[in-house]
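Here's the structure, in structure tokens; my notes come after.
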Amino acid sequence: QDEEKWDFVLVSDIHEVGSEKEIKRKKFLDELSKKGFTIKKIEDKKLFYGVRAPKQIFQKYQGLLRKPDNRLQNPNVHQDIPATTRIRIVNFILQNTTTPDLEKLHDLMKKKVFEATFPLHEKEEVREFLKEKWARWRGIFCQQPIEKIRCYFGEKVALYFAWLGWYTCLLGIAAAVGTVVFVAGITVFSSSQVSKEICEASNTIMCPLCDQKCSFWLLSDTCTYAKVTHMIDNEGTVLFAMFMAIWATVFLELWKRQRATVVTNWDLYRWDEEEEELAMELINNLQHEPRQYQHSYFRSTIILLLVLLMIAVLIGIAHALVIYRVIAVALFTQSNFSFLREQANTMAVMTGAVLHYITIVVMTKVNRRVALYLCDLEKPRTFSQRENNFTVKIFTFQFFTNFSSLIYIAFFLGRINGHPGNYVRIAGKWRLEECHPSGCITDLFIQMAIIMLLKQTISNVMEYLVPWIAHKLRKKQQRPKKRRMILGEEEEAEDPCKRQWLSNYQLNEVNIFSLFDEFLEMVIQYSFTTIFVAAFPLAPLLAFFNNLFEIRLDAIKMMRLCRRMVPRKANDIGIWLYVLEAIGILAVIGNGLVIAITSDFIPMQVYKYTYSPCMTENNTGVDCLTGYINHSLSTFRIQDFEPYTNGEPGLALTGLCCRYRDYRNADDYSYTVQFWHIFAARLAFLILFEHVALCVKLIAAWYVPDVPQFVKNQLLDRKHSNLHEELRWVMPQKV
1 QDEEKWDFVL VSDIHEVGSE KEIKRKKFLD ELSKKGFTIK KIEDKKLFYG VRAPKQIFQK
61 YQGLLRKPDN RLQNPNVHQD IPATTRIRIV NFILQNTTTP DLEKLHDLMK KKVFEATFPL
121 HEKEEVREFL KEKWARWRGI FCQQPIEKIR CYFGEKVALY FAWLGWYTCL LGIAAAVGTV
181 VFVAGITVFS SSQVSKEICE ASNTIMCPLC DQKCSFWLLS DTCTYAKVTH MIDNEGTVLF
241 AMFMAIWATV FLELWKRQRA TVVTNWDLYR WDEEEEELAM ELINNLQHEP RQYQHSYFRS
301 TIILLLVLLM IAVLIGIAHA LVIYRVIAVA LFTQSNFSFL REQANTMAVM TGAVLHYITI
361 VVMTKVNRRV ALYLCDLEKP RTFSQRENNF TVKIFTFQFF TNFSSLIYIA FFLGRINGHP
421 GNYVRIAGKW RLEECHPSGC ITDLFIQMAI IMLLKQTISN VMEYLVPWIA HKLRKKQQRP
481 KKRRMILGEE EEAEDPCKRQ WLSNYQLNEV NIFSLFDEFL EMVIQYSFTT IFVAAFPLAP
541 LLAFFNNLFE IRLDAIKMMR LCRRMVPRKA NDIGIWLYVL EAIGILAVIG NGLVIAITSD
601 FIPMQVYKYT YSPCMTENNT GVDCLTGYIN HSLSTFRIQD FEPYTNGEPG LALTGLCCRY
661 RDYRNADDYS YTVQFWHIFA ARLAFLILFE HVALCVKLIA AWYVPDVPQF VKNQLLDRKH
721 SNLHEELRWV MPQKV
């Protein structure tokens with residue numbers, strides 16, 4: 001039974017005898033034979049080569065990486081090596097075996113000498129358990145068997161699922177608080193003084209929203225929009241933004257504790273990746289010289305410039321989306337459909353959000369190619385260094401792809417568009433968009449809701465359907481031939497390995513980025529959940545439900561639809577931890593800016609405590625926000641419009657002025673004292689919010705130790721017993 005276990009399978013097309021590809025294939029297989037590998041060939045529509053490494057390779061590995069105290073006690077004892085370690089070592093040797101033509105397996109696969117290479121899904125107890133208990137939709141609320149995932153897929157995959165499970169668990173708390181804040185917002189849907197004033201402002205005439213077919217309009221026409229805005233933009237949102245900044249820190253600190261506990265149980269807490277890689281290099285080639293650390297300032301400068309150029313391109317795409325929205329508003333306002341004319345701004349925001357989602361899907365593929373190209377230019381020393389460099393670049397590109405448009409809506413929309421009589425225009429023709437009199441936060445809410453819903457529905461459906469359909473098609477194409485096979489001299493009806501190798505080949509291909517893609521998807525989601533959460537309190541709830549499905553979706557893909565991943569050893573989630581910490585700081589800055597700039601929270605507070613009836617007239621019998629809307633609107637004389645503004649007079653016949661959202665003087669349209677007062681208050685709040693939030697984050701990080709005390713004590717006892725044991729072996733030799 002054990003003799004028929006194969007570490008890896010190589011698949012090749014059937015090439016002509018004597019052809020260049022056939023010769024290259026033979027040379028590579030000969031090199032493996034020289035290293036003591038057993039090779040078995042099966043022919044079907046393709047050629048399948050099963051390879052099994054000799055025991056000496058694993059004995060060398062155990063000898064090199066065994067701890068000194070173990071070496072003293074058991075110089076000749078070799079325990080059974082786990083299947084995950086076997087596969088990892090064999091994969092390393094396969095990838096680093098060089099033919100006489102100085103070609104490696106990677107080069108041969110590029111030249112189509114080999115088509116595929118993969119470890120086998122074995123029919124073992126662990127796999128059957130995972131298929132039945134873990135990779136099932138019915139287990140959606142069950143705890144994950146992390147130990148068994150580690151035994152089958154290795155530590156890196158196990159740590160991904162441990163992290164995802166932990167993140168989802170704590171996301172439940174954030175989702176509950178976010179839902180309470182949102183529901184509390186709904187309860188004050190109609191009771192807000194600001195909303196009431198907008199709904200009752202039937203005599204307030206607003207300036208036209210576009211140059212040509214837009215008429216003057218009444219502020220009371222936007223009553224519902226004002227109510228929706230206040231549902232999102234209220235005092236509860238400020239508290240929730242602060243809560244999420246603290247939540248992000250506590251989540252990471254608790255994860256560090258969880259990770260320390262898990263890897264200590266695996267005896268990997270002080271594991272050294274570099275030592276492991278050097279050991280495998282020596283096992284593969286005894287003459288191997290380690291590649292030295294190098295750094296080129298010239299190369300780093302070139303890469304930095306190329307990264308900045310790519311970021312500039314991504315910001316340019318965000319600008320293109322802004323231009324689309326401006327033109328869309330202009331076109332919608334000239335539409336023959338009254339609904340489109342009335343809801344021109346909202347429709348532009350919604351179609352812009354869908355277009356933004358499409359650019360995210362397209363640019364994700366472009367960003368990957370650019371990041372890989374930049375990594376090749378860098379020439380990293382090891383695979384793990386290459387992976388770290390790639391992670392930083394792709395995350396940076398993806399961040400700008402996902403958030404450039406949101407940053408514009410949050411911080412620039414309605415603030416750089418000028419004022420009536422002096423509008424900022426694109427190409428001297430199209431006016432930039434304006435904010436609604438009750439604020440721009442609803443635009444940000446709509447944009448985030450659409451992108452998150454599309455990402456979590458379409459993307460997840462595609463993530464499952466594409467591999468499922470591909471697997472079914474491959475299965476259909478690769479039906480085994482109904483003929484007897486010739487193996488060596490013997491003729492058999494059916495080789496016991498053939499069915500297993502074929503069924504594994506029919507599964508979808510996995511690559512080194514398969515797990516990376518899952519991590520990237522979750523980290524981008526984490527960014528959405530924390531950075532602009534002040535504008536979208538439901539983000540944690542959407543993320544929570546998404547993750548419940550994501551865990552099982554990934555499990556089903558790995559167990560049933562894809563070939564077995566090459567297990568990788570790890571004792572943490574790597575550079576992703578630093579990325580998550582950076583997002584935590586961005587979350588504080590982002591939410592502080594949303595409350596200070598996007599939200600109307602600060603202008604309302606300034607009015608309430610400086611200009612309101614409560615302060616000026618000592619009138620405590622009225623709501624302190626009475627008169628706020630009138631205070632926040634400036635007056636514009638209609639005769640001062642630009643000559644080519646062809647607004648239809650309509651309601652304007654009753655007066656010579658219209659109102660617009662800004663703090664400007666009625667005579668020369670310069671900023672009023674109130675504008676600078678609010679500007680100073682926004683700045684003061686931003687500095688205060690960020691410093692308080694960052695201090696609370698630091699206190700939380702200090703208060704929750706990274707490593708639990710029992711783990712530290714366990715490591716201390718282990719060190720003590722190892723030294724004690726070593727001393728016992730050293731002492732008799734001196735006597």
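Note that UniProt numbering has the sequence shown beginning at 1, numbered continuously upward.
Glycine included, each C-beta is placed from N, C-alpha and C at the ideal position.
If you draw a 10 Å sphere on the C-beta of Asp80, you find fewer than 16 other C-beta atoms in it, and that means exposed.
Annotation for Cys169: the continuous alpha helix (DSSP H) segment containing it runs 155 to 187. Our two residues, Glu273 and Leu108, have alpha carbons roughly 28 Å apart in a direct line. In summary, Phe118 is buried, with 16 or more beta-carbon neighbours lying within 10 Å of its beta-carbon over all protein chains present. Bounds of the alpha helix (DSSP H) holding Arg299 are 297 to 333. Cys142 sits exposed, since fewer than 16 C-beta atoms from the chains shown fall within 10 Å of its C-beta. Judged by DSSP secondary structure, Val51 falls within the beta strand (DSSP E) whose first and last residues are 47 to 52. A residue is called buried when at least 16 other Cβ atoms come within 10 angstroms of its Cβ; Thr610 does not meet this threshold and is exposed. Met565 and Ala135 do not touch by the CB rule: their CB atoms are close to 14 Å apart, not below 8 Å. Nearest to Leu694 by C-alpha distance, out of Ala241, Trp166, Asp7, Met206, is Ala241. Residue pairing by DSSP places Gly418 opposite Tyr423 in a beta bridge.
Per DSSP, reduced to three states, the secondary structure at Trp6 is coil, with no helix or strand assignment. The alpha-carbon separation between Ile198 and Cys624 amounts to approximately 16 Å. Its Cα nearest to that of Leu406, the residue Thr598 stands out among Phe58, Thr598, Asn265.
By the criterion of a C-beta distance shorter than 7 Å, Ala449 is surrounded in its chain by Phe536, once the five residues flanking it on both sides are discounted. If you look at Ala535, you'll find it isn't in any alpha helix (DSSP H); DSSP assigns it neither H nor E. The alpha-carbon of Leu686 is positioned some 8 Å away from that of Ile589. Secondary structure of Leu218 (DSSP, three-state): strand. In this chain, the alpha helix (DSSP H) harbouring Arg341 covers 338 to 342. A Cβ-Cβ distance of about 6 Å is found for the pair Ser632 and Pro603, placing them in contact under the 8 Å criterion. About 4 Å separates the Cβ atoms of Val181 and Gly236, confirming a contact at the 8 Å cut-off. Residue environment: Gln56 is assigned as exposed (fewer than 16 neighbouring CB atoms within 10 Å of its CB, all protein chains considered). A distance below 9 Å separates the beta carbons of Leu94 and Phe8. Cβ neighbours of Val238 within its own chain (closer than 7 Å, five residues either side excluded): Ile595, Phe601. The beta carbons of Pro420 and Tyr660 sit closer together than 9 Å. Secondary structure at Asn508: strand, using DSSP grouped into helix, strand and coil. Glu43 is bridged by DSSP to Leu47.
Spanning the alpha carbons of Met231 and Leu278 requires a straight line of approximately 59 Å. Under the 10 Å beta carbon count, Pro290 is surrounded by fewer than 16 other beta carbons and is classified as exposed.
The alpha carbon of Pro54 has as its nearest neighbour, out of His724, Phe675, Thr442, Gly36, the alpha carbon of Gly36. Take Ala582, set aside five residues on each side of it, and no residue of its chain has a beta-carbon closer than 8 Å to its own.
Between Trp163 and Trp271, the beta carbon gap of about 17 Å keeps them out of contact (Cβ cut-off 8 Å). Taking 8 Å as the upper bound for CB-CB distance, Val326 and Trp430 are in contact here, some 5 Å apart. With a beta-carbon spacing of about 6 Å, Ile146 and Phe161 fall inside the 8 Å limit used to define contacts.
Between Ile283 and Ser404, the C-beta gap is not smaller than 9 Å, which leaves the two residues out of contact. Apart from sequence neighbours up to five positions away, the residues of its chain that approach Ile441 with a beta-carbon distance below 7 Å are Thr229, Ile232, Asp233, Ala535, Thr598, Ser599, ordered along the chain.
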